[in-house]
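S.K.: A single structure is presented below for examination.
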């Protein structure tokens, strides 16, 4: 072929990032070129978003709203519980009641008592009077033994414990099992680092047995931190059944599972391409691979290299055509792998390459002939459509090599050094040193065609910080397709039958799609810490040296030897076995957790009574790595689905929208929120981590902006309540400390409410009647009782649907807005009067005031409703109410009392009263608004309510409430159509010169202000207010009505904007109504 013709069709190869994937559960892309354009666009979007967030953090401009929130809190007095209480003894609540809420005081001693009394054990179920014969079982997703919990884990604990405590209070036989994962790579890395610091020895300086002894020693000394955190979070776990994945019983389950799956042909040994960490010299799972987004040329630190290594560049070079003049240009981000190139792929229909089918290029360094191969997976429209093929170091190329029977040349070893197949000049050179050597050699041979910056996603090992290398290795794999097919059939049928529910339901489709596209799962790990693979290399003694490699598995070496002897027809003593030195992937043992924790494969009592689990609750990011594998393994090994419901909660992000991860340095220890922490200590934790320098700068600046004075002490109850106040079935959660601080203020509100209740109860000594005996008589009493009924009904329904944010919102609203803001304020005058009478008469045997009894039952019942979310403060307050019970004081804990539901409160339901009170609430709101307009603080003017006859009757029924909460001297209700006053004393229509407020089109308030009201001034004030509000509303509406608004703006933000719009529109309507009324008064 003439040179000029070849050069005419010579074009540059598609610039692409090498795709790195583990042969595991994740379905590989069929061709890198097919995914290149959307993949690069996605990279660009992620990179842009990441940069924007980082720049916002590093910006010198501070958000005024954030600063205001930051300076709102001040250090609270820390009150300690000082009564001598032996560990496990019940806390004394008969002493003086502290004046304010303090988490240190409240959270002292309760957990030790709960645990010692066995309240968290299912065996305690037999002692519960309201027990029902139903189980509720779940396990905590086992955290890594090396780590500490962060707010993402705290979210899991808060949700699970709320559901667990709710079911326990319903009378269920509850079992919630704690556990810890042995975390093979993470633990081995931590112990290796510790030994290097303390003894200056590497792992290889120890025998395997010696090193494992050091790991167990470390585990016993420092591996209990997570259990301490779980206790501090109030998690009601059955600690007698705590499970560690390396315990003897659990290890037996892992061995049994491996053997059974091998016997069923579902585990096999083969050569496959895996994610390899050269620093760890081990394969790692997909979840241990972080994707580092690079926008272009970037210098990064890599373990084992003194100088930084260049990434984010695309190198283009040429291969000479064999047998004629010409060349073909190809590009790669990893030039060192070109030493392993074995072919060049083109599309069979590409007209530019029809003449080259069957031809070859010559490798410039290995002299290897590289054939042109045709493959329909190559995209002709991208670049030139010519793709270099490196099967041993690229997943897509590996699949292509299987289709075309191409050789696989491994040029990088497990230690990260170049192999002898590269030639003597490159043998033993570290891979990234080899990168520059290859480029220099290409330049020398005049084959180098250029280098440019290239956006890419660099896979990095989350454990070691090493850049992942895809390598071909002989490993053990789980044959997932058949298991996934069976799991899909079972789960699909179970979903249709109602035996399995995935919540939120939209994950069901994601689940099916993933299982239908699953690939095999590599379960070998080249570690010492973990479950050693129970498989043995077999050698028949006396059979010569030509034996093929053969493996046998068994529950122990003796069983494996017998199996091998039977297979070969020899005596067991003629078999020599060498156990595989590798261990199993941690996720393999984690996938057995739901049944192995109950004693499987032994038919234990726990397994028979508590399997399958009722619920599996975890983060949505684990649906594939953990949940799907549990379903596959559980279905295969036990014949049953491992759980009946799957509840997936979203990720917890920081204030800036970034996922909370150690690699970003933005994780928050829940204990720092519970106890409080200084900014200096937060910054110290960042510096102690192994962060990228830029990430460290961003993390520390984010802390300075978010926590300029550190994190205040919030307490466990506030943290749990705040976490459960988010919609757990929605989008990712951006959690701010200000939200938790608000819940701490709620705790103090609860505390002060009980102080008020105890004072009200002290106005008499007669026992408080039971809830069934208590009948509300006044309109106000009926309203608060009916509100409690409605709240309990709302909680009941929302709990059943796992809408915990609805439960917390309902309870917060009832306690703060109904009980405190309305009912307590309305009955204060009456209760004060009764206390004064008791003090004057000295009558100690009088009945307690009716409002005090209502208040007692409302507080006691709401504490029970709140107990699953706020176990410490509710226990503390509830115990102090027990001395007032008419019946014998309840024994034990609030957490074991019946959970209130609507059936307990049916005699307190007055729906018409609740509807009537909506008018009362509006009247009080408008009255207060009018007072604020006049700048009134202590003055109590006279007020007229001009309304319809029906409204008048409602307002008269609630007359004392309107009078008290409106803070007026007198209330006159006047009906124009009746032509008379409906107040107890006849009164004329409202006088002229009153301040007028509009409730609705039939109801107006007239406030008689001393000195009269200048109507013209009031019109001016309202008009000025309207002029300020209209531009605000228009600005928000412009954003809301933008075409891309529903797509780009998160649902939570859209909801906040909708609330702002509604509030502004309502205020403008009120102003318009007031202006109309004022015009008629002129």
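Numbering (our numbering), first residue to last: 514 to 1595. Built from N, CA and C at the ideal position, the CB exists for glycine as well. Please read all numbers here as calculations on a predicted model, not as lab measurements.
1) Residue 1121 by DSSP, collapsed to three states: which one?
2) So is residue 577 buried or exposed if we call it buried at 16+ other beta carbons inside 10 Å?
3) Can you grab the Cα-Cα spacing for the pair residue 520 / residue 888, in whole Å?
4) Is it true that the region 1034-1042 meets the region 1058-1077, where meeting means three or more beta-carbon pairs spaced less than 8 Å apart?
5) What is the DSSP secondary structure of residue 1042, reduced to helix, strand or coil?
6) Are the beta-carbon atoms of residue 1467 and residue 1432 separated by less than 8 Å?
7) From the DSSP output, in three-state form, read off residue 902 for me.
8) Determine the closest residue to residue 677 out of 1384, 833 and 630, with distance taken between C-alpha atoms.
9) Based on the DSSP output, what are the partners of residue 857 in its beta bridges?
10) From the DSSP output, read off the bridge partner residues of residue 687.
11) Helix, strand or coil: how does DSSP classify residue 1592 here?
12) Nearest by alpha-carbon distance to residue 699: which of 820, 732, 628 and 998 is it?
13) Check the DSSP bridge columns for residue 1247 and list the partner residues they point to.
14) Can you name the start and end residues of the beta strand (DSSP E) that residue 874 belongs to?
15) Counting C-beta neighbours from all protein chains within 10 Å, is the total for residue 1119 16 or more, i.e. buried, or is it exposed?
16) Find out if the Cβ-Cβ distance for the pair residue 1317, residue 653 is shorter than 8 Å.
17) Assuming residue 974 and residue 802 form a contact by the criterion Cβ under 8 Å, report the distance between their Cβ atoms to the nearest whole angstrom.
18) Write down the C-beta distance between residue 703 and residue 1097 rounded to the nearest angstrom, noting that I regard them as a contact closer than 8 Å.
19) Expressed to the nearest angstrom, what Euclidean distance is found between the alpha-carbon atoms of residue 1394 and residue 1407?
20) Taking one C-beta from the region 776-794 and one from the region 1021-1040 each time, how about it: are there three or more such pairs within less than 8 Å?
21) Can you tell me the Cα-Cα spacing of residue 1564 and residue 1171, whole angstroms?
22) By a C-beta neighbour count over all protein chains shown, 10 Å radius and 16 as the cutoff for buried, is residue 1510 buried or exposed?
23) Just to confirm, is the Cβ distance from residue 809 to residue 695 under 8 Å?
24) Apart from the five residues on each side of it in sequence, which residues of its chain come closer than 7 Å, Cβ to Cβ, to residue 1095?
25) Tell me, please, whether the region 1131-1151 touches the region 1004-1023 by the rule of three or more beta-carbon pairs shorter than 8 Å.
26) Check for me: the alpha helix (DSSP H) holding residue 1107 runs from which residue to which?
27) From 1479, 1420 and 1436, pick the residue whose C-alpha is nearest to that of residue 1449; which is it?
28) Please list, in chain order, all residues of the same chain as residue 1586 whose beta carbon is under 6 Å from its beta carbon, the five residues on each side excluded.
29) Sorted by chain position, which residues of the same chain lie with C-beta nearer than 6 Å to residue 856's C-beta, five sequence neighbours on each side aside?
30) Between residue 1601 and residue 1464, what straight-line distance do the alpha-carbon atoms span, to the nearest angstrom?
31) What's the gap between the Cα of residue 995 and the Cα of residue 1012?
32) Across the region 938-948 and the region 811-827, are there enough close Cβ pairs to call them in contact, namely three or more that are closer than 8 Å?
33) Would residue 568 be called buried (16 or more neighbouring beta carbons within 10 Å of its own) or exposed?
34) Considering only the beta carbon of each residue, do residue 1183 and residue 1254 sit closer than 8 Å?
35) Helix or strand or just coil, what does DSSP make of residue 1030?
36) Give the range of the beta strand (DSSP E) segment to which residue 1485 is assigned.
M.R.: Taking the definition as stated:
1) As a first step, residue 1121 must be located in the chain shown, where it is residue number 608. Three-state DSSP puts residue 1121 in a helix.
2) Here residue 577 corresponds to residue number 64 of the chain shown, with the count starting at 1. Confidence at residue 577 is low in this model, with a pLDDT of 43, below 50, so its placement is unreliable and no value can be given for it.
3) As a first step, residue 520 must be located in the chain shown, where it is residue number 7. As a first step, residue 888 must be located in the chain shown, where it is residue number 375. The pLDDT assigned to residue 520 is 26, lower than 50, so where the model puts this residue is not dependable; a value taken from the coordinates is nonetheless given after this. Straight-line Cα distance between these residues: approximately 23 Å.
4) no
5) As a first step, residue 1042 is located in the chain shown; it is residue number 529 there, counting from the start. Looking at residue 1042 - three-state DSSP - the assignment turns out to be coil, as it is neither helix nor strand.
6) Stepping through the chain shown from its first residue, residue 1467 is reached at position 954. Stepping through the chain shown from its first residue, residue 1432 is reached at position 919. Yes.
7) Indexing the chain shown from 1 puts residue 902 at position 389. Strand, per DSSP.
8) Taking the first residue of the chain shown as 1, we reach residue 677 at position 164. Ranking the options by Cα distance to residue 677, first place goes to 1384.
9) Position 344 of the chain shown, counted from the start, is the residue given in the question as residue 857. Paired residues: 885 and 901.
10) Counted from its first residue, the chain shown places residue 687 at position 174. Looking at the DSSP assignment, residue 687 forms a beta bridge with 649.
11) Within the chain shown, residue 1592 is the residue found at index 1079, counting from 1. Note: residue 1592 maps to helix in three-state DSSP.
12) Here residue 699 corresponds to residue number 186 of the chain shown, with the count starting at 1. Checking every option, the nearest Cα to that of residue 699 belongs to 732.
13) Translated into the one-based positions of the chain shown, residue 1247 becomes position 734. Per DSSP, 1166.
14) One-based indexing of the chain shown puts residue 874 at position 361. Here the beta strand (DSSP E) through residue 874 covers 873-875.
15) As a working note, residue 1119 is residue 606 in the chain shown. Its Cβ being crowded by 16 or more others within 10 Å, residue 1119 is buried.
16) The residue given as residue 1317 occupies position 804 in the chain shown. The residue given as residue 653 occupies position 140 in the chain shown. Not closer than 8 Å, so no.
17) Counted from its first residue, the chain shown places residue 974 at position 461. Counted from its first residue, the chain shown places residue 802 at position 289. That belief holds up - the Cβ atoms of residue 974 and residue 802 are roughly 7 Å apart, short of 8 Å.
18) Start at 1 with the first residue of the chain shown, and residue 703 comes out as number 190. Start at 1 with the first residue of the chain shown, and residue 1097 comes out as number 584. Between residue 1097 and residue 703 the Cβ distance is about 19 Å, and since that is not below 8 Å, they are no contact.
19) Locating residue 1394 in the chain shown gives position 881, counting from the first residue. Locating residue 1407 in the chain shown gives position 894, counting from the first residue. Residue 1394 and residue 1407: Cα-Cα distance of roughly 11 Å.
20) yes
21) Stepping through the chain shown from its first residue, residue 1564 is reached at position 1051. Stepping through the chain shown from its first residue, residue 1171 is reached at position 658. So the alpha carbons of these two residues sit roughly 17 Å apart.
22) Taking the first residue of the chain shown as position 1, residue 1510 is located at position 997. Per the 10 Å Cβ criterion, buried.
23) Within the chain shown, the letter at position 296 stands for residue 809. Within the chain shown, the letter at position 182 stands for residue 695. Their beta carbons are not under 8 Å apart, which means residue 809 does not touch residue 695 by this criterion.
24) To locate residue 1095, count along the chain shown from 1; it is residue 582. Result list for residue 1095: 1037, 1038, 1039 and 1046, in chain order.
25) yes
26) Residue numbering aside, residue 1107 sits at position 594 when the chain shown is read from its first letter. Its alpha helix (DSSP H) spans residues 1106-1109.
27) Locating residue 1449 in the chain shown gives position 936, counting from the first residue. Residue 1449 has its Cα closest to that of 1479, out of 1479, 1420 and 1436.
28) On the chain shown, residue 1586 is found 1073 positions in, with the first residue counted as 1. Here the set comprises 1511.
29) Numbered from 1 along the chain shown, position 343 holds the residue referred to as residue 856. Cβ within range, chain order: 883, 884, 886, 902 and 919.
30) There is simply no residue 1601 to check, as the chain begins at 514 and stops at 1595 in what is shown.
31) Residue 995 sits at position 482 when you count from the first residue of the chain shown. Residue 1012 sits at position 499 when you count from the first residue of the chain shown. Between residue 995 and residue 1012, the C-alpha separation is close to 22 Å.
32) yes
33) Stepping through the chain shown from its first residue, residue 568 is reached at position 55. It counts as exposed.
34) Your numbering for residue 1183 matches position 670 in the chain shown. Your numbering for residue 1254 matches position 741 in the chain shown. It is not a contact, given that the beta carbons lie outside the stated cut-off.
35) Taking the first residue of the chain shown as position 1, residue 1030 is located at position 517. Residue state, collapsed to three classes: coil.
36) By one-based count along the chain shown, residue 1485 stands at place 972. 1483-1488 is the span of the beta strand (DSSP E), which, as asked, contains residue 1485.
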